[in-house]
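Chain order of the listed sequences is A and B.
For the first sequence, my numbering begins at 30 and goes up steadily by one.
For the second sequence, my numbering begins at 718 and goes up steadily by one.
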Amino acid sequence: KAGVTQTPRYLIKTRGQQVTLSCSPISGHRSVSWYQQTPGQGLQFLFEYFSETQRNKGNFPGRFSGRQFSNSRSEMNVSTLELGDSALYLCASSSVAGYRETQYFGPGTRLLVL
Amino acid sequence: AQSVAQPEDQVNVAEGNPLTVKCTYSVSGNPYLFWYVQYPNRGLQFLLKYITGDNLVKGSYGFEAEFNKSQTSFHLKKPSALVSDSALYFCAVRDGGSSASKIIFGSGTRLSIRP
Numbered sequence: 030k031a032g033v034t035q036t037p038r039y040l041i042k043t044r045g046q047q048v049t050l051s052c053s054p055i056s057g058h059r060s061v062s063w064y065q066q067t068p069g070q071g072l073q074f075l076f077e078y079f080s081e082t083q084r085n086k087g088n089f090p091g092r093f094s095g096r097q098f099s100n101s102r103s104e105m106n107v108s109t110l111e112l113g114d115s116a117l118y119l120c121a122s123s124s125v126a127g128y129r130e131t132q133y134f135g136p137g138t139r140l141l142v143l
Numbered sequence: 718a719q720s721v722a723q724p725e726d727q728v729n730v731a732e733g734n735p736l737t738v739k740c741t742y743s744v745s746g747n748p749y750l751f752w753y754v755q756y757p758n759r760g761l762q763f764l765l766k767y768i769t770g771d772n773l774v775k776g777s778y779g780f781e782a783e784f785n786k787s788q789t790s791f792h793l794k795k796p797s798a799l800v801s802d803s804a805l806y807f808c809a810v811r812d813g814g815s816s817a818s819k820i821i822f823g824s825g826t827r828l829s830i831r832p
């Protein structure tokens, strides 16, 4: 089975711009979660989607949003980028929503905001 | 509120020696505990998890972890370290008492295995 794929892998933007990141889960997985990883804050949960519905959201401002499509692919969007948004954004998928399930991570999208 | 702590930023071990990476947690409900490993410029790879049952959990690459409820710990162990085990290790916890709980990650421990 192919793993979780994320595109693009690297991205450079300037402050004030917006960005959209894409995640394709493992085939058959219906749950997708997003995380932000920075040296200062570590790994932080952004959102979790299941069957096109947002099930959970982390403590991030409204500039961070996401969605999930009927094929389980997910996108996250960050508007009005700030320097502090520079991070590795990780996507993870699992077969069902829920806390027992193992999450499988993609390689991440590294975003640099100048 | 739930939390997880990895008290050591770095652990150094000689190849062939046993290794331990420490993790303690706090949740109000039943703890669901996970270990992940991250290699440079890569995403996280799942190692093992504890949901219920046997306190000793065996995982990938020869790693195991012991759930200790009284000490609220979930330390990662391996009997004989390899240089290829050098990486960043994350412990994570989720509150099993709530389906709406978020997963919380520790700050990570960098494991360095010297030849």
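Heads up, the beta-carbon is just placed ideally off N, CA and C, and yes, glycines get one too.
Q | Coil, strand or helix - leucine 112 of chain A by DSSP | A | helix
Q.
Between which residues of its own chain and glutamine 723 of chain B is the CB-CB distance below 6 Å, once the five residues before and five after are set aside?
A. Cys740, Cys808, Gly823, Ser824, Thr826
Q: Please name the residue, chosen from B/His792, B/Val754, B/Val721, that lies closest to glutamine 132 of chain A on a Cα-to-Cα basis.
A: B/Val754
Q: In angstroms with no decimal places, state the Cα-to-Cα distance between proline 796 of chain B and phenylalanine 79 of chain A.
A: 39 Å
Q. Shortest alpha-carbon distance to serine 829 of chain B belongs to which of B/Arg759, B/Val721, B/Ala804?
A. B/Ala804
**Q.** CA nearest to the CA of valine 33 of chain A, picked from A/Val142, A/Gly135, A/Arg139
**A.** A/Gly135
Q) With DSSP run on the structure shown, which of helix, strand or coil describes tyrosine 778 of chain B? A) helix
Q. Of the choices B/Leu765, B/Arg831, B/Val810, whose alpha-carbon is the least far from that of glycine 746 of chain B?
A. B/Val810
Q | tyrosine 756 of chain B, enclosing beta strand (DSSP E) - first and last residue | A | First-last for tyrosine 756 of chain B: undefined, no H or E at that position.
Q: Check valine 800 of chain B in the structure and name its three-state DSSP category.
A: helix
**Q.** Beta-carbon proximity list for threonine 49 of chain A, same chain, < 6 Å, skipping 5 on both sides
**A.** Glu104, Asn106
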